[in-house]
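Residue numbers are given in this note's numbering: position 8 of the sequence shown equals residue 314, and the series is strictly consecutive.
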Amino acid sequence: MRIAIIGAGSIGGYLAAKLLLSGQPVTVIVRGANLAAIRANGLKLRLPDGTEKTAIPDLATDDLAAAGPQDVVILGVKGQQLSALAPTLGPLLGPETAVVPAQNGIPWWYFQRHRGPFEGRRLESVDPGGAISAHIGSERVIGCVAYQAAELVEPGIVRFVEGNRFTLGEPDGEKTERVMALAQALTRAGLKVPVRRDIRTEIWVKLLGNMTFNPISALTRSTLGQIIGFEPTRNLVVATMAEAQEVASRLGIRIAITSEMRIQGAAQMGSHKTSTLQDIESGRMTEVEWLVGAVAELGRLVEFPTPRIDTLYSCLRLLEQTTCGGQLSR
């Protein structure tokens, strides 16, 4: 199986290293200082005990044409980078190439191959103007939910914190030959890879944490433990999760875990800084649309008010503008 991973940051770098260390061929597509470091020293995976393992990609490049058509392309970049990336993917896409978008939040393909009342509907918050869907056909998509906590600590070095589950699922729920083959490849790399018939439910389970803890952490510069340990912000988390759960329910999603269970899971990573806080501290744009804006858009779609979600969304967008040079268009 020919696998290309675009982006060697926290998730992309972790997946690439794990696959390579298990002896499977991977092309890593990356730019700038990260590319230079990987070419010079390999891709290094720093483990929780401080030891490092070095993986050597079959090809590390910033030239998609040099990589050529793949069996699977894993998009390991942030959601906000996809609109610019999607039009460039052509050289990697053969007739049967599968694309695995490994982003947090509500994916741009959410209503594609949905088999529901909103089949084919485009979410403007995560696919503005159809910039992504115009270049990645829904038939190519394999959904995923990544549970790895990792961080690109310097070019070419990914620090792994915890989590080895990487859930896969076709948007239409079929257990196809391609999704099972990819699951086997990732399993050989040491990951736990359940294949779900309803990947959207899995997306919502993770999103409950991302769409609450991430914006609150960025706005308050707090860790998960600090948010949970301060009663007013803990209560805000619970109330915001309740809004999201109702939106999900109106879309036919039944989330089995409670908000308290989700909070307890976050408490186990008490000192962890969310990816959104890391982005703000580094002056980077965040995944605000994917984590929060899309949920607000879905709330409007199902005609359920989401005042807390809307407030977090507005505040985080303003924070982006004032700290990252972002432009507010609406």
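The beta carbon of each residue, even a glycine, is placed where N, CA and C say it ideally should be. Bear in mind that the values here come from a model prediction, so they are computed numbers and not experimental data.
Check, Outcome
"Burial state of V379, where buried means 16 or more other Cβ atoms lie within 10 Å", "buried"
"Of the residues E537, L607, G599, Q627, the one placed nearest T617, counting alpha carbons only", "G599"
"L634 in three-state terms, based on DSSP", "Here the model assigns L634 a pLDDT of 49, short of 50, so the residue's position is not dependable and the matter cannot be decided."
"Contacts around T612, its chain only, beta-carbon distance under 6 Å, and the 5 residues preceding and following it disregarded", "E549, A602, G605"
"Exposed unless 16 or more other CB atoms sit within 10 angstroms - verdict on G449", "buried"
"Test item: CB-CB of L625 and A524 under 8 Å", "yes"
"Three-state secondary structure (DSSP) of T580", "coil"
"Which of helix, strand or coil DSSP assigns to G318", "helix"
"Contacts around Q409, its chain only, beta-carbon distance under 8 Å, and the 5 residues preceding and following it disregarded", "L381, V383, K384, G385, L388, E593, W596"
"G475: first and last residue of the uninterrupted beta strand (DSSP E) it sits in", "472-475"
"DSSP-derived helix/strand/coil call for G571", "helix"
"Nearest to V511 (by Cα), restricted to the options L492, Y453, K324", "Y453"
"Minimum length 3: unbroken beta strand (DSSP E) runs contained in the segment 454-508", "455-460, 463-468, 472-475"
"Nearest-angstrom Cα separation, counted from V485 out to S444", "14 Å"
"Distance, P375 Cα to E609 Cα", "43 Å"
"With 16 other Cβ atoms within 10 Å as the buried cut-off, status of M567", "exposed"
"Close Cβ partners of R352 (< 8 Å) along its chain, the five nearest in sequence each way excluded", "E358, V459, I463, V464, R465, F466"
"Coarse secondary structure for I312, derived from DSSP in three states", "strand"
"Nearest residue (CA-CA) to G589, options A343, G329, Q627, L398", "Q627"
"The segment 505-522 contacting the segment 331-351, beta-carbon criterion three pairs below 8 Å", "no"
"Pair within 8 Å by beta-carbon distance, N470 and L497", "yes"
"Exposure label - G318; buried when at least 16 CB within 10 Å", "buried"
"Buried or exposed (CB count within 10 angstroms, at least 16 for buried), T518", "buried"
"Buried/exposed call for G515, threshold 16 Cβ in 10 Å", "buried"
"Beta-carbon contacts of E649 that lie in its chain and below 7 Å, excluding the five residues immediately before and after", "Outside the modelled stretch of the chain, which goes from 307 to 636, sits residue 649, for which no answer is possible."
"Boundaries of the alpha helix (DSSP H) in which L542 is found, first to last residue", "537-556"
"Proximity winner among I569, E480, T629, relative to E587 (alpha-carbon distances)", "T629"
"Three-way DSSP call (helix, strand, coil) for D585 in this model", "helix"
"Buried/exposed call for R636, threshold 16 Cβ in 10 Å", "In this predicted model, R636 has a pLDDT of only 47, less than 50, meaning its place in the structure is not dependable; the value taken from the coordinates is given anyway. With fewer than 16 Cβ atoms within 10 Å of its Cβ, R636 is classed as exposed."
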